[in-house]
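**Q** This structure is in structure tokens; I'll ask about it shortly.
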Amino acid sequence: MQNLQEKIKKMLLLSDEDIEPLLKGDLKTLLVQNKEGAIRVAIAYGACIVLLLFFLFLFSLFGLFGKFVLIFLLFGSIAALAVLAGEKNILRITAYPACSYFLLFIFAVMALSMFSDIASKGAFFSKFILFCIIVGLGYGGYKIHEKAKERGINLIQLVLMILILTSFLLSLQASAVQFSVDRKIETIQKIQEERRQEDAEKMRMSMSMASTKVCTTDEECRKMNTKKHSYYAEYEEIAQEACENAVAKEITGRFEWTVSAKDYKFTSYEVDVLNDDILLMGDRAQLISNEGEKTKISYSCHYNTKKKTTTATVREEGK
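Our numbering puts the first residue of the sequence shown at 1, with every later residue one more than the last.
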């Protein structure tokens, strides 16, 4: 233990008088005695907190395999250090408030972060497992606290052990929950892509049938011989404006366009010259819930160039 104190003094450039208040967690006294030493201690604590935040940042970016590697790398390193140090040395080190309280803070932040991810993204079964883990570890700690006391493990050390185990288990569960969420998103995107392909196929079939239709009157023949792109260009501005208003009226609740006011809100169109109909389609809008959550929506609008009427429909993405 004396070697540990010497290493801490050497690393932080502290005197014999400074090491005692540091290990007791009395940073106020250390600041009075050695302001520069207190600053170095604060930097050391800050570096550990930055490492924790960096771990949580990488954890949020990685996939399932990457998360597992990160978890076992961190907790495997902790376990290896504990084995190398030995039980007696670990108990001596964590008996100092400067070490035990700081480790409590680090692993409490990690556990709360994982708890938040599971609670916000997990389904009922995931939340039930979360509840079982917390209750089980809490009950287990209560049952063994007398035996732990006999082995020289104080309450803070016991809580720290439970908190480390909690962080490990919740990290594994948070990884599984995020993997499940990612798979669900992929499935929804796949279904949406299949729907878009079906709609495109229906549109092609509709255009094919329209092109093979035989006209029965001079008016129908004139319309059928009209080029659809030219027909649309003639009514584009009027149709876009009328349908934009129609869609806005059709949307119930608060929403916003995802493009500027000058941009067209519809990205594709179909023309039925015989029926004087232009079908406009787009997805440049999103609903805003009371909680501020945004959901993308798609919409379509039929504009009759002869009657100047509109019929709009709106659909939320994924429904």
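Ideal Cβ positions, reconstructed from N, Cα and C, are used throughout, including at glycine.
All figures in this text were calculated on a predicted structure; none of them were measured in a lab.
Expressed to the nearest angstrom, what Euclidean distance is found between the alpha-carbon atoms of Tyr231 and Phe179?
**A** Distance between the alpha carbons of Tyr231 and Phe179 is about 49 Å.
**Q** Given a threshold of 16 other Cβ atoms within 10 Å of its Cβ, counted over all protein chains shown, does His302 qualify as buried or as exposed?
**A** Looking at its Cβ environment, which holds 16 or more other Cβ atoms inside 10 Å, His302 is buried.
**Q** Out of Lys306, Glu244, Glu250, which one is the CA nearest neighbour of Tyr264?
**A** Checked all of Lys306, Glu244, Glu250; the closest Cα to Tyr264 is Glu244.
**Q** Using CA atoms only, rank isn't needed, just tell me which of Ser175, Val32, Gly25 is closest to Ile71.
**A** Looking at the Cα atoms, Ser175 is the closest of the given residues.
**Q** For Val273 and Ser260, what's the separation of their Cα atoms in angstroms?
**A** Approximately 30 Å, taken between the alpha carbons.
**Q** Quick check on Ile39: buried or exposed, where buried means 16 or more other Cβ atoms within 10 Å of its Cβ?
**A** Label assigned to Ile39: exposed.
**Q** Can you tell which of Asn290, Glu234, Ile156, Asp16 has its C-alpha closest to the C-alpha of Ala95?
**A** Ala95 has its Cα closest to that of Ile156, out of Asn290, Glu234, Ile156, Asp16.
**Q** Using the Cα positions of Ser77 and Lys9, report the straight-line distance between them to the nearest angstrom.
**A** When rounded, the distance between both Cα atoms is 24 Å.
**Q** Just to confirm my understanding: we take Met99, look at its own chain, exclude 5 residues before and 5 after, and list those with CB closer than 8 Å. What are they?
**A** Per the sequence shown, residue 99 should be read as Cys rather than Met. So the list reads Leu23, Ile93, once near-sequence residues are dropped.
**Q** Evaluate the contact criterion for the segment 305 to 315 versus the segment 243 to 257: three or more CB pairs, one atom per stretch, below 8 Å.
**A** Because the criterion of three Cβ pairs below 8 Å is met, the segment 305 to 315 and the segment 243 to 257 touch.
**Q** Any idea which residues DSSP pairs Gln197 with across the strands?
**A** Paired residues: none, contrary to the question.
**Q** In this structure, how does DSSP classify Met1 when only helix, strand and coil are distinguished?
**A** Note that Met1 scores 49 on pLDDT, short of 50, meaning its location in the model is unreliable; the coordinates nonetheless yield the value given after this. Coil.
**Q** For Met1 and Ala82, what's the separation of their Cα atoms in angstroms?
**A** With a pLDDT of 49 at Met1, under the threshold of 50, the predicted position of this residue should be treated as unreliable, though the coordinate-derived value follows. Rounded to whole angstroms, Met1 to Ala82 spans 15 Å at the Cα level.
**Q** Could you tell me whether the segment 105 to 114 touches the segment 158 to 167, where touching means 3 or more Cβ pairs closer than 8 Å?
**A** Yes, since at least three Cβ pairs between the segment 105 to 114 and the segment 158 to 167 fall closer than 8 Å, the two stretches touch.
**Q** Considering just the uninterrupted stretch of the beta strand (DSSP E) at Glu256, what are its terminal residues?
**A** Note, Glu256: beta strand (DSSP E), 255 to 257.
**Q** Exposed or buried, Lys35, counting other C-beta atoms within 10 Å across all chains shown (16 or more means buried)?
**A** Its Cβ having fewer than 16 others within 10 Å, Lys35 is exposed.
**Q** Would you tell me roughly how many angstroms separate the C-alpha atoms of Leu103 and Leu160, rounded to the nearest one?
**A** About 7 Å.
**Q** Does DSSP put Val273 in a helix, a strand or coil?
**A** Val273: coil per DSSP, three-state reduction.
**Q** For Asn320, which of helix, strand or coil comes out of DSSP?
**A** Lying before the first or after the last residue shown, residue 320 is absent from the chain, which here runs from 1 to 319.
**Q** Could you check what DSSP says for Asp283 in three-state terms: helix, strand or coil?
**A** Strand.
**Q** Output the distance between the C-alpha atoms of Lys307 and Asp276, rounded to the nearest integer angstrom.
**A** Roughly 9 Å separates the two Cα atoms.
**Q** Hey, would you say Leu61 sits closer than 8 Å to Met114, going by beta carbons?
**A** No.
**Q** Which of the three DSSP states, helix, strand or coil, is assigned to Tyr101?
**A** Here Tyr101 sits in helix by DSSP.
**Q** So the beta strand (DSSP E) Ala312 belongs to, where does it begin and stop?
**A** Residues 309 to 316.
**Q** So, with DSSP's three-state summary, where would you put Asn34?
**A** Note: Asn34 maps to coil in three-state DSSP.
**Q** For Ala200 and Gly63, what's the separation of their Cα atoms in angstroms?
**A** Computed Cα separation, rounded: 33 Å.
**Q** From the DSSP output, read off the bridge partner residues of Lys184.
**A** Looking at the DSSP assignment, Lys184 forms no beta bridge with any residue, so it has no partner.
**Q** Between Met205 and Glu270, which are expected to be in contact by the criterion C-beta below 8 Å, what is the C-beta distance as a whole number of angstroms?
**A** Actually they are not in contact, since the Cβ atoms of Met205 and Glu270 sit about 12 Å apart, beyond 8 Å.
**Q** Enumerate, from N- to C-terminal direction, the unbroken beta strand (DSSP E) stretches of 3 or more residues contained entirely within the segment 23 to 77.
**A** You should have found no qualifying run.
**Q** If I follow the unbroken beta strand (DSSP E) through Asn290, where does it start and stop?
**A** Neither: Asn290 is in no beta strand (DSSP E) and is coded neither H nor E.
**Q** Taking only the alpha-carbon atoms, compute the straight-line gap between Ile185 and Gln192 and give it to the nearest angstrom.
**A** Roughly 11 Å separates the two Cα atoms.
**Q** Relative to the alpha-carbon of Thr309, which residue among Ala246, Ile297, Glu291 has its alpha-carbon at the smallest distance?
**A** Closest by alpha carbon: Ala246.
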